[in-house]
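Here the protein sequences come in this chain order: A and B.
Note that the first sequence covers residues 0 to 355 in numbering that gives the first Met the number 0.
Note that the second sequence covers residues 0 to 167 in numbering that gives the first Met the number 0.
No residue lacks a Cβ here, since even glycine has one placed at the ideal position from N, Cα and C.
This one's a predicted model, so the numbers in the text were calculated from it and none came from an experiment.
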Amino acid sequence: MLLSIGLPLIIEKFVLIVIVVMSSLVIAMYATFAERKVAAIMQDRRGPNRAGPFGLLQPLADGLKLFFKEEIIPNLSSKLLFILGPCLAMLTAMMTGAVIPWGDKVHFFGRDISLQIADVNIGILYVFGVVSLGVYGIMIGSWASNNKFSLMGGLRAASQIISYELAMGIALIALLMTTGTLSLKEIVQQQQEHWYSWNIIKQPLGFLIFLICAFAECNRTPFDLPEAENELIGGYHTEYSSMKLGFYLFAEYINMFLSSSVMVSLFFGGYDIPFINDASLAENIGTNWVALIHTAVFLFKAACFLFLFMWVRWTIPRFRYDQLMNLGWKVLIPLALINMLATGAFILLQQNNWHF
Amino acid sequence: MSVIEIMFWFLSVMALGAAVMVVASKSPVYSILFLILTFFAISGHYILLNAQFLAIVNIIVYAGAIMVLFLFVVMLMNLNAESEPHQKNKWVLYIGGISGGSLLLVIVAALKKTVATTQLVQMNNGEVGLIKNLGIKLFTDYVFPFEISSVLFLSAMIGAVVISKKEG
């Protein structure tokens, strides 16, 4: 495992990591742009259209603006933690990308290069672990700001994330019972055969719970209480300015993109091209082209989810806090448990040839 | 030194250093953050021992859930160095030091008796830490202790609900 790492492998993984990190940053950048455009279309406006053709340079302009703003670190804050907060938020947002299979494999320089940074056999648990760490960036930042409203936003965020993690985990358990593996690569490969072997068919309720929890984990509307502007003046990032604020805002978009990717891999066949036999396609046009199409299909599916995130944001109003907690603890967790038990019973019956 | 040895020493220094800082740091929030760092170092050790499941569960449960609750409590109570009650009684310090020291002595004595004293770390031999083997072991050989501990957890959960519902 760790002992026998050759130099080509290190280079290959390094290049892959750089590509994945860069492209998730760029995608998150344009997700901010897309969000403003989608909002504009839904509200019958034009949206940003001044910087570059169709406003395409708007994210760059936003980034530059954030960089040129004054850095303010509150006097009474713990400075180290104040800086650590946004860094952690960014780090945990980026870490999920390591286990997502972006495509099958490409063939370069006589080597098969897998388009997944790390095919660990605990893939989903890794995702889950990273998600559960995501709360630290918010909590540390909010506490270090030494501001009551920040702390309140941070506590709201933390309790929300912890509450919805549970339902998310139980929904995943039901999925794992049907797939029988924790490796994301294997889960995607199992979904390759037919379009109806996608896990969304087997686990519709599980997917719904997972989707709702993903919204909550990303602090998106209708679960954006941590940053509810009209009650908390921006929540946990009240005291932040300049690029540190940018990191927090940006981490949200990276989280959105990566949780879309996780949902695509878990429930929507990953890089599978619907209605097409990938193996025979690979024989016809070569592995590399298929890998390219795979990645494109994957990104398209993820983009659909990104659009869903935005659509919901501009359609549904925010929950009240007690409604949020009730939904998490009294609706989603029992539903997830029922889903898990039903899946278990179904699998047992199937193994027993439908005899009780 | 091989890569494994370097990693072992790095993780050990990190775990011990962070553990010392948990006790030494003035602010409880820093203590908790160092404790999280300790958990990460220990998870790294689990990975070196080829126990990936244990490593990631350690992070999910301890670093991801329990420590968040600790942080919650400390932040809400706004504990810091000034509000910390100063320990007047010298005897408590002595007693604590002596009992901690004797615990260390017992652990060191127990570790001296173990077989592999020269071996730093067991890499890649032993498959029981992988999730499949661990699951099979838990549900065949160790099913009774496993179920007993789950009953314990259930009763703890019910107890927590009962306590939190004071005026029921």
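Per-residue contacts from residue i into chain B (C-beta, under 7 angstroms)
i, result
"residue 134 of chain A", "67"
Option nearest residue i by Cα separation, candidates the options
i, options, result
"residue 184 of chain A", "A/157, A/160, A/97", "A/97"
"residue 286 of chain A", "A/112, A/58, A/31, A/127", "A/112"
"residue 121 of chain A", "B/50, B/165, B/109, B/66", "B/50"
"residue 307 of chain A", "A/320, A/263, A/335", "A/263"
"residue 312 of chain A", "A/35, A/132, A/8, A/219", "A/219"
"residue 135 of chain A", "A/76, A/174, A/91, A/100", "A/91"
"residue 255 of chain A", "A/33, A/72, A/12, A/13", "A/33"
"residue 100 of chain A", "A/336, A/279, A/188", "A/188"
"residue 144 of chain A", "A/71, A/342, A/40", "A/71"
"residue 293 of chain A", "A/275, A/303, A/310", "A/275"
"residue 161 of chain A", "A/253, A/280, A/61, A/132", "A/132"
"residue 247 of chain A", "A/5, A/341, A/156, A/22", "A/156"
"residue 215 of chain A", "A/41, A/324, A/355, A/15", "A/324"
"residue 33 of chain B", "B/154, B/67, B/55", "B/67"
"residue 30 of chain A", "A/48, A/44, A/49, A/58", "A/58"
"residue 18 of chain B", "B/1, B/40, B/100", "B/40"
"residue 61 of chain B", "A/129, A/237, A/335", "A/129"
"residue 77 of chain A", "B/28, B/52, B/89, B/148", "B/28"
"residue 109 of chain A", "A/333, A/348, A/7", "A/7"
"residue 130 of chain B", "B/91, B/45, B/112, B/154", "B/45"
"residue 26 of chain A", "A/87, A/83, A/40, A/93", "A/93"
"residue 153 of chain A", "A/52, A/202, A/119, A/235", "A/235"
7 angstroms Cβ cut-off: residues of chain A touching residue i
i, result
"residue 20 of chain B", "In chain order: nothing, as chain A lies at least about 13 angstroms away."
"residue 63 of chain B", "128, 131, 132"
"residue 52 of chain B", "121"
"residue 135 of chain B", "Near residue 135 of chain B there are no residues of chain A at all, since even the closest Cβ is about 13 angstroms away, more than 7 angstroms."
"residue 130 of chain B", "120, 121, 181"
N-terminal and C-terminal residue of the beta strand (DSSP E) that residue i is part of
i, result
"residue 196 of chain A", "No beta strand (DSSP E) contains residue 196 of chain A, which DSSP labels as neither H nor E."
"residue 112 of chain A", "110-113"
8 angstroms Cβ shell around residue i - same chain, five flanking residues per side excluded
i, result
"residue 331 of chain A", "163, 166, 208, 211, 212"
"residue 277 of chain A", "103, 191, 271, 289, 293"
"residue 80 of chain A", "139, 140, 142, 143"
"residue 30 of chain B", "20, 21, 22, 24"
Own chain partners of residue i with C-beta closer than 6 angstroms, once the 5 adjacent residues on each side are dropped
i, result
"residue 10 of chain A", "none"
"residue 374 of chain A", "Residue 374 of chain A lies beyond the residue range present for chain A, which begins at 0 and ends at 355; the question has no answer from this structure."
"residue 318 of chain A", "221"
"residue 66 of chain A", "242"
"residue 245 of chain A", "65"
"residue 17 of chain A", "none"
"residue 43 of chain B", "10"
"residue 38 of chain A", "313"
"residue 168 of chain B", "A query on residue 168 of chain B cannot be resolved here, the shown segment of chain B reaching from 0 to 167 and no further."
Chain A residues whose Cβ lies nearer than 9 angstroms to that of residue i
i, result
"residue 142 of chain B", "In chain order: nothing, as chain A lies at least about 17 angstroms away."
"residue 28 of chain B", "77, 80, 139, 142, 143"
"residue 55 of chain B", "119, 121, 124, 125, 127, 128"
Residue i beta carbon near the ligand GDP (any heavy atom closer than 7 angstroms)
i, result
"residue 240 of chain A", "Within the structure as shown, the ligand GDP is missing, as the structure has no ligands at all."
Boundaries of the alpha helix (DSSP H) in which residue i is found, first to last residue
i, result
"residue 107 of chain A", "No alpha helix (DSSP H) holds residue 107 of chain A; the beta strand (DSSP E) holding it covers 104-107."
"residue 155 of chain B", "142-163"
"residue 44 of chain B", "27-47"
"residue 113 of chain B", "Taken as a continuous stretch (DSSP letters only), residue 113 of chain B belongs to no alpha helix (DSSP H), as it is neither H nor E."
"residue 71 of chain B", "66-76"
"residue 293 of chain A", "286-312"
"residue 85 of chain A", "78-94"
"residue 215 of chain A", "203-216"
"residue 61 of chain A", "57-67"
"residue 157 of chain A", "147-178"
"residue 23 of chain A", "6-41"
Interface partners of residue i on chain B, CB under 9 angstroms
i, result
"residue 138 of chain A", "67, 70, 71, 74"
Residues of its chain near residue i, where Cβ-Cβ distance is below 7 angstroms and the 5 sequence neighbours each way are ignored
i, result
"residue 180 of chain A", "186"
"residue 343 of chain A", "176"
"residue 13 of chain A", "none"
"residue 69 of chain A", "240, 241"
"residue 217 of chain A", "251, 254, 255, 258"
"residue 281 of chain A", "289"
"residue 339 of chain A", "169, 172, 173"
"residue 223 of chain A", "317"
Under 8 angstroms from the C-beta of residue i: neighbouring residues of chain A
i, result
"residue 59 of chain B", "124, 127, 128, 131"
Give, in chain order, every residue of the stretch 150-164 of chain A whose Cβ lies closer than 9 angstroms to some Cβ of chain B.
150, 153, 154, 157, 158, 160, 161, 164
Cβ-based contacts, 8 angstroms cut-off: residues of the stretch 177-194 of chain A near chain B:
181
Anything in the stretch 114-127 of chain A with a Cβ closer than 8 angstroms to a Cβ of chain B? List those residues in chain order, please.
119, 120, 121, 124, 125, 127
If contact means a Cβ-Cβ distance below 9 angstroms, which residues of the stretch 152-167 of chain B contact chain A?
In summary, no residue of the stretch 152-167 of chain B has a CB separated from any CB of chain A by less than 9 angstroms.
Tell me which residues of the stretch 0-11 of chain B have at least one Cβ-Cβ distance to chain E shorter than 8 angstroms, keeping chain order.
Included in the structure are the protein chains A and B, with no chain E among them.
Note down, in chain order, all residues in the stretch 239-271 of chain A with a beta-carbon under 9 angstroms from any beta-carbon belonging to chain B.
none
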